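Encoded as structure tokens, the structure appears first; notes follow it.
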Amino acid sequence: MSAPLREVLTRHLPPPGSAALHRGGRTRDCSPLTWEQFFDENRTVDGTEGPVFYLLHGGGYSGLTWACLAVELSSRIKCRLLVPDLRGHGKTHTEDDRDLSAERQVR
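So the sequence shown is numbered by UniProt numbering: it starts at 1 and just counts up by one.
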């Protein structure tokens with residue numbers, strides 16, 4: 001690579017050995033969130049007004065995946081949010097975690 005090309009390509013990069021290269025810029029907080037930070041209660045509530053949003057989390061996560069969206073959405077419109085914890089995720093409780101039969105799944 002020619003010296004002029006190298007200069008153009010590296011002009012706005014931090015100097016070699018810079019701490020910014022090793023830390024990724026800013027510190028990330030990856031501590032887990034709790035439902036209390038986003039919701040008033042953790043229970044089943046019946047509602048009759050507004051559209052229903054069913055927010056389903058991905059594998060390995062819980063209903064808390066949608067916590068920030070739930071706060072923002074409910075502050076903007078009157079709606080009902082269904083944000084379940086799927087079997088074996090979040091705060092779900094089962095009698096037998098190994099029983100994955102169809103009869104058990106539909107209860």
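Don't be surprised by glycine CBs; every beta carbon is placed ideally from N, CA and C. A quick note: this is a predicted structure, and the numbers were derived from the prediction, not measured.
Check: 7 Å Cβ cutoff met for L64 and L86; Outcome: no
Check: C-beta atoms of R80 and V52 nearer than 7 Å; Outcome: yes
Check: Identity of the residue in T94, E72, D96, P84 nearest G59 by Cα; Outcome: P84
Check: 6 Å CB neighbourhood of K91 in its chain, flanking five on each side removed; Outcome: D85
Check: Exposure of A70, with buried meaning 16 or more beta-carbon neighbours within 10 Å; Outcome: buried
Check: Outcome for S2 when other beta-carbon atoms lying within 10 angstroms are tallied against a minimum of 16; Outcome: exposed
Check: Coil, strand or helix - R76 by DSSP; Outcome: helix
Check: Contact check, G47 vs K78, beta carbons under 7 Å; Outcome: no
Check: Neighbourhood of S62 by C-beta distance below 7 Å, restricted to the same chain and skipping five residues each side; Outcome: D85, H89, G90
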